[in-house]
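Visitor: Our numbering puts the first residue of the sequence shown at 13, with every later residue one more than the last.
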Amino acid sequence: MITVTLITLLTLILMLIGMPIGFAITAGVLAALVALGDISLMAVPQQLFSGLDSFSLLAIPFFVLAGSLMTSGGLTSRLLDFANALLGRFKGGLAMSGVLASGMFAGISGSAVADTSALGRIMIPAMIRSGYPPGFAGGVIAAANVVAPIIPPSIPFIVVAVLTGQSITTLFLAGVVPGILYMLSMLVMSWWISKRNNFPTQGKASGREIWITFKNSAFALLLPVFILGGIRSGIFNITEAAIMAVIYALIVGTLVYRQITWKIFVDSLVGAAHTTAVIMIIVAAARVFSWLLAYVSIPEAISAFVLENISNPLVFLLFVNVLLLIVGMFLETNAALVMLIPVLYPIAMKLGIDPTHFTVVAVVNLCIGLITPPAGLCLNISSLLARISLERGVVGIAPFLFTALLVLIILTLFPQVSVWLPNLVAGS
């Protein structure tokens, strides 16, 4: 326990003074190894490399690049136009359009932070100009984009699949229904708040306008179908699917939308490399942390303690929810998964919890941390874009955070929501 305490304290201190989380975790591990004194420090670079030595992880940079290319290729505005044509007639139609566009955009980028930044730059100023309160505008966009890591392609699901040996395709399918449920809940909440406060409508679009905006966004909407269809049919595996997504995005952006120039392509490569580097450093560092915990038998001790005191699977899931909600307030999603899944997953299996169900609950839980104060990245980004204080951002996002927690409770209590589609596809 001294090892865990030392790592935790040093990591938190370094994070508080501004050190990136991946380096902070690694520094904590190095300090613990020095304190233990019986392990060579050469084990650290070996474990860092081992943490990234997975063919499936190669999919992450390509999915990130595909999302960046589609965004640069004019995808964002086209999806927003289509969503606004469908929902602009309702009270709070612009807010609801942002939620729907977030759901559609999620099937392309897989990153809540990237989606909040891309959509927020357009939607939040537009909503404020239309008469929406800045807190509400920032809150609805931040909360809506939490769906991005849930709907495939999902980087957290890839990370968990690598850690646990589960099928990435199964986890991708498992995220579809929960993602749709989450998006629908945000649509209902944004409509209810808008109706209570008499927020403006955008006017009813004609059938022709809806058809034109659909045609303009059709290629973007087909990308998730292309990815899942190719994987499910066995045409390509997950990494090959990510590469095909990049090729698809390049073709659409250059030949169809004709907005990707050489400069945009280079900028997208640089941006994708930067994003991937951040993710991979965190994954590698968290993997070293998990290795050290395993070396000092912490997972076994925690497992024995939990199984001795908790025998009900539902009680364990509720315990996991509370734990991950707290962790998600401070720790990046992928880092938390790499650090905690190796400890919690074996316990869940011993209690007879479906692995797919457990993974969905854990991922959704940690994604909610992206809009949870004080360190929720999406919350902070949306508050910055809305030009309001974090305190006002918290007030604006509060009803949506409550709605997200209700969705989490539903997913926890009803495993069928997560496992129905994978089981249906497997049965067919």
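In this text, a Cβ means the ideal position worked out from N, Cα and C, and glycines have one as well.
This structure is a prediction, so every number in the text was calculated from the model and none was measured.
Would you list, in sequence order, the uninterrupted alpha helix (DSSP H) runs of no fewer than 4 residues that lie entirely inside the stretch 53-103?
Guide: Listed in chain order, the complete alpha helix (DSSP H) runs (minimum 4 residues) inside the stretch 53-103 are 55-64, 71-84, 87-99.
Visitor: Pair every Cβ in the stretch 79-95 with every Cβ in the stretch 224-238, then say whether three or more of these pairs are closer than 8 Å.
Guide: Segments in contact, yes.
Visitor: Tell me the residue span of the alpha helix (DSSP H) that contains residue 312.
Guide: Position 300 of the sequence shown, counted from the first residue, corresponds to residue 312. Start and end: 310-321.
Visitor: If you follow the alpha helix (DSSP H) that residue 259 is part of, which residue opens it and which one closes it?
Guide: Position 247 of the sequence shown holds residue 259. Its alpha helix (DSSP H) spans residues 250-263.
Visitor: My output table needs one value for residue 144: the three-state DSSP class, helix, strand or coil.
Guide: By 1-based counting over the sequence shown, the position of residue 144 is 132. Looking at residue 144 - three-state DSSP - the assignment turns out to be coil, as it is neither helix nor strand.
Visitor: According to DSSP, simplified to helix, strand and coil, what is residue 6?
Guide: Because the chain here runs from 13 to 440, residue 6 falls outside it and cannot be looked at.
Visitor: CB residue 156 to CB residue 110, shorter than 8 Å?
Guide: As a first step, residue 156 is located in the sequence shown; it is residue number 144 there, counting from the start. As a first step, residue 110 is located in the sequence shown; it is residue number 98 there, counting from the start. Result yes, Cβ atoms of residue 156 and residue 110 sit closer than 8 Å.
Visitor: Residue 187 and residue 372: beta carbons closer than 8 Å?
Guide: Your numbering for residue 187 matches position 175 in the sequence shown. Your numbering for residue 372 matches position 360 in the sequence shown. Yes, they are a contact pair.
Visitor: Within 10 angstroms of the Cβ of residue 25, are there 16 or more other Cβ atoms? Answer buried if so, exposed if not.
Guide: Your numbering for residue 25 matches position 13 in the sequence shown. Flag for residue 25 reads exposed.
Visitor: Where do the N-terminal and C-terminal ends of the alpha helix (DSSP H) with residue 226 fall, by residue?
Guide: In the sequence shown, counting from the first residue as 1, residue 226 sits at position 214. Residues 219-244.
Visitor: Given that a residue counts as buried once 16 or more other Cβ atoms are within 10 Å of its Cβ, and exposed if not, what is residue 273?
Guide: Here residue 273 refers to the residue found at position 261 when the sequence shown is read from its first residue. With fewer than 16 other Cβ atoms within 10 Å, it is exposed.
Visitor: Report back the beta-carbon spacing between residue 173 and residue 68 to the nearest angstrom; my notes put them in contact at under 8 Å.
Guide: Numbered from its first residue, the sequence shown carries residue 173 at position 161. Numbered from its first residue, the sequence shown carries residue 68 at position 56. Confirmed, about 6 Å.
Visitor: Contact defined as beta carbons within less than 8 Å: I believe residue 74 pairs with residue 254. What is the distance between those atoms, to the nearest angstrom?
Guide: Taking the sequence shown and counting its residues from 1, the one referred to as residue 74 is at position 62. Taking the sequence shown and counting its residues from 1, the one referred to as residue 254 is at position 242. That belief holds up - the Cβ atoms of residue 74 and residue 254 are roughly 3 Å apart, short of 8 Å.
Visitor: Measuring straight from C-alpha to C-alpha, what distance separates residue 420 and residue 96?
Guide: Counting from one through the sequence shown, the residue named residue 420 turns up at place 408. Counting from one through the sequence shown, the residue named residue 96 turns up at place 84. Taking the straight line joining both Cα atoms gives about 28 Å.
Visitor: Quick one: is residue 218 buried, meaning 16 or more other Cβ sit within 10 Å of its Cβ, or exposed?
Guide: Here residue 218 refers to the residue found at position 206 when the sequence shown is read from its first residue. Per the 10 Å Cβ criterion, exposed.
Visitor: Of all the options 288, 262, 291, 269, which has the alpha carbon lying nearest to the alpha carbon of residue 277?
Guide: Within the sequence shown, the letter at position 265 stands for residue 277. If we check each option's Cα against that of residue 277, 262 comes out closest.
Visitor: Pull up the distance between the alpha-carbon of residue 34 and that of residue 376, whole angstroms please.
Guide: Taking the first residue of the sequence shown as position 1, residue 34 is located at position 22. Taking the first residue of the sequence shown as position 1, residue 376 is located at position 364. Rounded to whole angstroms, residue 34 to residue 376 spans 22 Å at the Cα level.
Visitor: Measure the Cβ-Cβ separation of residue 281 and residue 64 and say whether it is below 8 Å.
Guide: By 1-based counting over the sequence shown, the position of residue 281 is 269. By 1-based counting over the sequence shown, the position of residue 64 is 52. Against a cut-off of 8 Å, the Cβ pair of residue 64 and residue 281 comes out as no contact.
Visitor: Alpha carbon to alpha carbon, how far is residue 400 from residue 136?
Guide: For this step, residue 400 is matched to residue 388 along the sequence shown. For this step, residue 136 is matched to residue 124 along the sequence shown. Going by the C-alpha atoms only, they are around 11 Å apart.
Visitor: Could you give the distance in angstroms between the alpha-carbon of residue 250 and the alpha-carbon of residue 333?
Guide: Start at 1 with the first residue of the sequence shown, and residue 250 comes out as number 238. Start at 1 with the first residue of the sequence shown, and residue 333 comes out as number 321. One C-alpha to the other measures close to 29 Å.
Visitor: Which value, in whole angstroms, describes the spacing of the CA atoms of residue 40 and residue 66?
Guide: The residue labelled residue 40 in the question sits at position 28 within the sequence shown. The residue labelled residue 66 in the question sits at position 54 within the sequence shown. Each residue's Cα considered, the two are about 24 Å apart.
Visitor: Work out the CA separation of residue 257 and residue 275 for me, nearest whole Å.
Guide: Here the question's residue 275 lines up with position 263 in the sequence shown. Here the question's residue 257 lines up with position 245 in the sequence shown. Those two C-alpha atoms are separated by around 20 Å.
Visitor: Could you check whether the stretch 386-400 touches the stretch 350-363, counting it as contact only if at least three pairs of C-beta atoms, one from each stretch, sit closer than 8 Å?
Guide: In short, these stretches do not touch, since the Cβ pair count stays below three.
Visitor: Going by beta carbon distance, what residues of the same chain come within less than 6 Å of residue 132, once the five residues before and after it are set aside?
Guide: Counting from 1 along the sequence shown, the entry for residue 132 is found at position 120. Closer than 6 Å at Cβ, skipping near neighbours: 153, 394, 397.
Visitor: According to DSSP, is residue 343 part of a helix, a strand, or is it coil?
Guide: Here residue 343 is taken as the residue at index 331 of the sequence shown, counted from 1. Residue state, collapsed to three classes: coil.
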